[in-house]
Amino acid sequence: MNLQLEHIDKTLESKVRLGIMAVLTVNESLDFKSLRTLLNLTDGNLVTHTRTLENAGYIVSSKQFVGRIPNTAYRATEAGREAFRRHLLALEQLIEAATKGSGR
Amino acid sequence: MKTKPIAKMQNRETDEICSTLTEIRTLMNRSSRFLNLSPYAPIVSGLLALAAAWGVNRLYNGGWDIAPMLQLNTHARIQALIGMAAALVLLCVAATVGLSFAEARRNGSKIAIDAAARRLLWNFFLPLLVGGVFSIALFVGGHYGLTSSVMLLFYGMALVSASAHTFSSVRFLGYAELALGLADSFCQGYALVFWAVGFGAFNLLFGILFLATRNRS
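Protein chains in written order, with this note's numbering: chain L, 1 to 104; chain G, 1001 to 1217.
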């Protein structure tokens, strides 16, 4: 079977991280609060996942201050967009293969 | 994970991937478009516009045609006309905002003026505001005949530009308004009829279609 399983991205296996990438690929940039509301996460949870994505080079953050309150904005990098696209493609192929395999 | 044979993969797992993909898709849509627009908003706005058109028609004693009535445009009538226009705009905006809040509650989404809502507001109101000021300039300059086509054209532009940030079907209403506005600019003497069709009937029709398709899905 000619499946490109290497495209299943370990970093994007987490549903939350996949969600963050999804939202950031359709938006120029989003701040911490919007991401938290959209994905329905706690602060700590979001920080952990964004850090993982940052370390993978999929997103970049920029911190600004609105008055005294820090406001972090996140953007998807070109590498992140490409990884997200490949991961989705791989998932689609998986489903296709599985539905054929089980005769559905 | 990598070594798991695909053919033996459980149906449950593929279902899980499917539901994840669906969730991702909703998330992408929800984050980039404002989807709490109520179908009742264009219906209410259309009805208000029809009522206003009827009011203007009464004001001019049953004539449907404003342009050749230049000599009939007394000071009091113009004041009443501008007052009605201002009231209509305020009522439509208030109705749309109120209904959107109700829609957000219905959808169970948090009522927030997020990035998507801000983009929608900006892209809708910028062309509308420019068109509004331009219409006032035309009206003040006495070009009554062109006012209605300018209003329709800029409203159409506003809808097309807003459609990228909310339900994409909004652009079809925009195209219809643009076609009507262009037709209006070539026809003289039926300003109020064109205006009533564009702002009244088209909005009403769009709202009804919107409501019907939403309830089906």
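In this text, a Cβ means the ideal position worked out from N, Cα and C, and glycines have one as well.
Since we're looking at a predicted model, the values are computed, not measured.
The straight-line gap separating the alpha-carbon atoms of Ala1095 (chain G) and Leu1121 (chain G) is approximately 15 Å.
At a C-beta separation below 9 Å, Arg1030 (chain G) has these neighbours in chain L: Val23, Leu38. Under the Cβ distance rule, Gly19 (chain L) counts among the residues neighbouring chain G, one pair being separated by less than 7 Å. If you draw a straight line from the Cα of Met1084 (chain G) to the Cα of Leu1152 (chain G), it is about 17 Å long.
Close CB contacts of Ala1162 (chain G) within its chain, under the 7 Å cut and outside five residues either way in sequence, are with Leu1120, Asn1123, Phe1124, Val1170 (chain order). Taking 7 Å as the Cβ-Cβ cut-off, the stretch 40-59 of chain L has no residue approaching chain G.
Sorting G:Trp1195, G:Asn1215, G:Arg1214, G:Ala1212 by C-alpha distance to the C-alpha of Leu1047 (chain G) places G:Trp1195 at the top. Using a Cβ distance threshold of 7 Å, Ser1045 (chain G) and Leu1099 (chain G) do not count as a contacting pair. Counting C-beta pairs closer than 8 Å gives three or more between the stretch 70-79 of chain L and the stretch 27-37 of chain L, which meets the contact rule.
For a cut-off of 8 Å, the C-beta gap from Val1130 (chain G) to Phe1154 (chain G) is around 7 Å, short enough to register as a contact. Note on geometry: alpha-carbon atoms of Leu1173 (chain G) and Gly1200 (chain G) lie some 12 Å from one another. Using a Cβ-Cβ distance cut-off of 8 Å, the stretch 5-24 of chain L and the stretch 37-46 of chain L are in contact, since at least three pairs of beta carbons, one from each stretch, lie closer than that value.
Neighbourhood of Leu91 (chain L) in chain G, by CB distance below 7 Å: Ile1017, Leu1021, in chain order.
Identification of chain L residues near Thr1014 (chain G) by a Cβ-Cβ cut-off of 7 Å yields Ile95, Ala98, Thr99, ordered along the chain. Any Cβ of chain L closer than 7 Å to the Cβ of Leu1035 (chain G) would place that residue at the interface, and such an atom is absent.
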